[in-house]
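Asker:
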Amino acid sequence: MQHDSARSHPEKRGLPDKPGASARSVVLTLLGVVIGTAGYYASWRFQTAIGTLAGIAGLALCVIGTHHGHDGSPSQVG
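Mapping of the sequence shown onto our numbering: position 36 corresponds to residue 270, and the numbering continues sequentially without gaps.
(1) Kindly list the residues whose CB is nearer than 6 Å to the CB of L295, restricted to its own chain and excluding five residues on each side of it in sequence; keep chain order.
(2) Let's see if you can read the secondary structure: which residues bound the alpha helix (DSSP H) around H301?
(3) Return the CA-CA distance between G273 and S256, expressed in angstroms with no decimal places.
(4) Could you check what DSSP says for T270 in three-state terms: helix, strand or coil?
(5) Mapping DSSP to helix, strand and coil, what is S256?
(6) Could you tell me the distance, in whole angstroms, from the CA atom of R258 to the CA atom of A291?
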């Protein structure tokens with residue numbers, strides 16, 4: 235009895251067929267990290283409400299950026 239595991243399966247080699255992250259999603263995520271980090275640092279260091287709001291805005295940008303990480307996937311219409 236032969237085992238098929240010794241044969242190579244070209245469809246299973248390499249990475250899955252997924253689109254890469256769009257430039258917009260990378261920019262949004264990195265911008266969110268920068269703004270969020272600065273905001274939360276300001277909130278912690280200077281005890282300001284504007285720092286907390288900037289931190290929350292940065293977190294929101296990260297979420298939006300990672301949500302749109304694969305723009306152009308077939309499931310999105312328009």
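We put the beta carbon where it would ideally sit given N, CA and C, even for glycine.
The structure displayed is predicted, hence computed values, not measured ones.
Answerer: Working from what's here:
(1) L262, L265, G266.
(2) Looking at the DSSP string, the run of the alpha helix (DSSP H) that includes H301 is 283–301.
(3) C-alpha of G273 to C-alpha of S256: approximately 26 Å in a straight line.
(4) One point to set straight first is that residue 270 is Gly, not Thr, in the sequence displayed. Helix.
(5) In this structure, DSSP gives S256 a state outside helix and strand, which the three-state scheme calls coil.
(6) Using only the alpha carbons, I get a separation of about 17 Å.
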